[in-house]
Each structure stands twice: as structure tokens, then as C-alpha cells.
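Colleague: Numbering (the numbering used here), first residue to last: 231 to 478. Idealized CB from N, CA, C, for every residue including glycine. Computed from a predicted model, the values in this text were never measured in an experiment.
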Amino acid sequence: MNSASLRRLFEQVRKGRLSADDAVERLRHLPFEDLGFAKVDHHRALRQGMPEVIFSQGKTARQVADIFSRLAEHGGNVLATRATDAQYAAVVAKVEKAEHRPLARAIVLQGDRKRYGKGVIAVVSAGTSDIPVAEEAVVTAEMMGNEVQHIYDVGVAGIHRLLAHRAALSKARVIIVCAGMEGALPSVVGGLVGVPVVAVPTSIGYGAAFEGLAALLGMMNSCASNVSVVNIDNGFGAGYVASLINRK
């Protein structure tokens, strides 16, 4: 339920196409619906512009499917992150149009294809191993109504690969950079552009990378002033924040 769907509902009542009782029934589950094991926040799209997103990790396949189907009934886009094959099987049994994005570990339902972003969000990965995190950012930004361009495997070990995409970077309104190891790439990108750079440390690297902690600390100490940082492997958070920036 978002502002556009509320307007359509009120217009139906005004024109007599829908009774007041039917309208009340549709609004009955605002601001949330209690499923016993979860309280589904149907009001979030009104507050934040994006429906509640399902974090699938730790949930049973049935729980993910039940939440997904309840969100789908209210229209708009639905996104489940960190999803497994078993969870997707349970979801698609209830919502036939749901799609699986296995590389991003996401399940999506795209009911709203309107573009809300004002420009392009570029998603950059340092290495091929960082692509799953980058893909989570891509899917999130797309589901929030943005044009997204991805630029993969352009890490600092071969900086000429990044510089070959300098024109595309200069046209982006927001840039997401996913990198593991020492996490140097966001600083390099930040020094090339004059737009916000959202850095995502990934848990890629050998022992002293400490499962992304080294990259996280490196990014937080970036000397590029336009770089901000989200949590380790949090492609979703990066995609969400970049989308909000791109709407302004």
C-alpha cells in the first residue's frame, strides 16, 4: 500500500465503484498485519517509499512464503533477500509471478515498473568474487524504481580496467562500490567523481581480511570525502540508501 494506491482506492469510493465497507476491509491491515510469527508492515511504503523487505535468512520456507504472499496481495514490488532455493520454491507455489535471482540470493515480484530515480545508479565490484553482494545492491535498486548499470571486476589490482569505464562513472548520480581484501576501490572511485559513493565491504579475502573487517575499516578511513560505508556484505543497504539519494 503506497500513496498512489491509496489515491486510487479513495477515487473508487468517490465514484461509487467501491463501497465504504470494502475500502475499510482493504485498509484493515494498516499499519501492520499480525501473522503470529511476524507483523507485516503494510504501512512502510507510505512512510519510506518502499514496502517492507523480507530478510529470509533464519526464516523457514513457509514463513518467507506467507510473508511474501501477504505483501504481494497489497500490490507493488516485493523483495526477499538472502533467500534459498527451498524458500523460492515455497514462494512461487503461492505467488506464481515471483522470480528468483539466485546470484543475488533474492526473490522478487515486480508489480510497479515506474522509474522513481532521477538518474543512473552505477554498481561497481572490485572482483568477480564480490558480484553476489553487488547483485543484491542491483536488485534492490531496481526494485526501488531506478535505472541501474553494473561495472564488474575493475579492482585496484588492474586499475586500467576501472579507468576504461570513467565515462560511465561520470554520468552516474550515485555509485555503489563493493570490494573485499583491503577495500581500496571506493576511495579510488570517490576521487574520480563528484557524486555520493556508497562503499560496501565484502567478506572476500585471506585470513588478515578478517571476513571483511579489514575492508570495512579501510573504507571508513577513506580519504575521499564523498564516500560513506554500510555494513559488511550489505548490498541491500547500499541499494536502498542509493535509491533514496537518487530520488532527491
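Quick test of the definition: if touching needs 3 or more C-beta pairs under 8 Å, does the region 416-430 touch the region 447-458?
Modeller: In short, these stretches touch, since the Cβ pair count reaches three.
Colleague: Label GLU282 either buried or exposed according to how many other C-beta atoms from any shown protein chain fall within 10 Å of its C-beta, with 16 as the threshold for buried.
Modeller: The residue given as residue 282 occupies position 52 in the sequence shown. So GLU282 counts as buried.
Colleague: If contact is defined by three or more beta carbon pairs under 8 Å, each pair taking one atom from either stretch, is the region 335-348 in contact with the region 307-319?
Modeller: Counting Cβ pairs under 8 Å, three or more are found: they touch.
Colleague: Using 8 Å as the threshold, is the C-beta distance between ASN476 and GLY347 below it?
Modeller: Translated into the one-based positions of the sequence shown, residue 476 becomes position 246. Translated into the one-based positions of the sequence shown, residue 347 becomes position 117. Their beta carbons are under 8 Å apart, which means ASN476 touches GLY347 by this criterion.
Colleague: Drop a sphere of 10 angstroms on the beta-carbon of PHE267, count the other beta-carbons inside from all chains shown, and report buried for 16 or more, exposed for fewer.
Modeller: By one-based count along the sequence shown, residue 267 stands at place 37. Exposed.
Colleague: Which residues in the same chain as ALA356 place their Cβ atom closer than 6 Å to its Cβ, once the five residues preceding and following it in sequence are excluded?
Modeller: Looking up residue 356 in the sequence shown gives position 126. Here the set comprises GLY385, ALA409 and LEU415.
Colleague: Which residues in the same chain as GLU329 place their Cβ atom closer than 6 Å to its Cβ, once the five residues preceding and following it in sequence are excluded?
Modeller: In the sequence shown, residue 329 corresponds to position 99, counting from 1. VAL338, listed in sequence order.
Colleague: Return the residue from the list ALA275, GLU441, ASP463 and ALA295 that minimises the CA-CA distance to ILE361.
Modeller: Here residue 361 is taken as the residue at index 131 of the sequence shown, counted from 1. Cα-wise, what sits closest to ILE361 is ASP463.
Colleague: Can you tell me whether SER417 is helix, strand or coil according to DSSP?
Modeller: As a working note, residue 417 is residue 187 in the sequence shown. Correct three-state label for SER417: helix.
Colleague: Run the CB neighbour count on GLY465, radius 10 Å, all protein chains shown included, and call it buried at 16 or more, exposed below.
Modeller: Along the sequence shown, one-based indexing puts residue 465 at 235. Buried, by the Cβ-count rule.
Colleague: Could you compute how far the alpha carbon of ALA320 sits from the alpha carbon of ALA397?
Modeller: On the sequence shown, residue 320 is found 90 positions in, with the first residue counted as 1. On the sequence shown, residue 397 is found 167 positions in, with the first residue counted as 1. Rounded to whole angstroms, ALA320 to ALA397 spans 43 Å at the Cα level.
Colleague: Note down the Cα distance separating GLU481 from VAL363, rounded to an integer number of angstroms.
Modeller: Residue 481 is absent from the structure shown; the chain starts at 231 and stops at 478.
Colleague: Do VAL404 and VAL369 have their CB atoms nearer than 8 Å?
Modeller: Counted from its first residue, the sequence shown places residue 404 at position 174. Counted from its first residue, the sequence shown places residue 369 at position 139. No, these two residues do not count as a Cβ contact at 8 Å.
Colleague: Under 6 Å Cβ to Cβ from PRO431, same chain only, skipping five residues before and after it: list those, please.
Modeller: As a working note, residue 431 is residue 201 in the sequence shown. These residues qualify, in order along the chain: GLY413, GLY442, ALA445, LEU446, MET449 and ILE462.
Colleague: Whole angstroms are fine: how far does the CA of GLU366 sit from the CA of SER400?
Modeller: As a working note, residue 400 is residue 170 in the sequence shown. As a working note, residue 366 is residue 136 in the sequence shown. Between SER400 and GLU366, the C-alpha separation is close to 23 Å.
Colleague: On the premise that ARG300 lies in contact with VAL270, defined as a C-beta separation below 8 Å, what is that separation, rounded to the nearest angstrom?
Modeller: Along the sequence shown, read from residue 1 onward, the residue named residue 270 stands at position 40. Along the sequence shown, read from residue 1 onward, the residue named residue 300 stands at position 70. So it is a contact: roughly 5 Å between Cβ atoms.
Colleague: Might you give, ordered along the chain, the residues of its own chain that have their beta carbon closer than 6 Å to the beta carbon of SER473, omitting 5 neighbours on each side?
Modeller: Sequence index remark: in the sequence shown, residue 473 carries index 243 (1-based). So the qualifying residues of the chain are ALA371, MET374 and ASN376.
Colleague: Along the beta strand (DSSP E) that carries LEU309, what are the first and last residues, could you check?
Modeller: For the purposes of this step, residue 309 is taken as the residue at position 79 of the sequence shown. Segment 308-311, the beta strand (DSSP E) holding LEU309.
Colleague: Helix, strand or coil for SER249 per DSSP?
Modeller: In the sequence shown, residue 249 corresponds to position 19, counting from 1. Three-state result, SER249: coil.
Colleague: Give the DSSP-derived three-state secondary structure of ARG244 in the structure shown.
Modeller: If you number the sequence shown from 1, residue 244 lands on position 14. Helix at ARG244.
Colleague: Report the option in LYS327, GLN287, THR358 and ALA291 whose CA atom is closest to the CA atom of GLU303.
Modeller: For the purposes of this step, residue 303 is identified with residue 73 of the sequence shown, where counting begins at 1. Considering only alpha carbons, the answer is LYS327.
Colleague: For ILE361, which three-state DSSP category applies?
Modeller: Position 131 of the sequence shown, counting from 1, holds the residue named residue 361. Correct three-state label for ILE361: helix.
Colleague: Quick check on the burial criterion: 16 or more other C-beta atoms within 10 angstroms. Buried or exposed for PHE526?
Modeller: Residue numbering for the chain in the displayed model covers 231 to 478; residue 526 lies beyond these limits and cannot be assessed.
Colleague: Should ILE389 be labelled buried (16 or more other beta-carbon atoms within 10 Å of its own) or exposed?
Modeller: Your numbering for residue 389 matches position 159 in the sequence shown. ILE389 should be labelled exposed.
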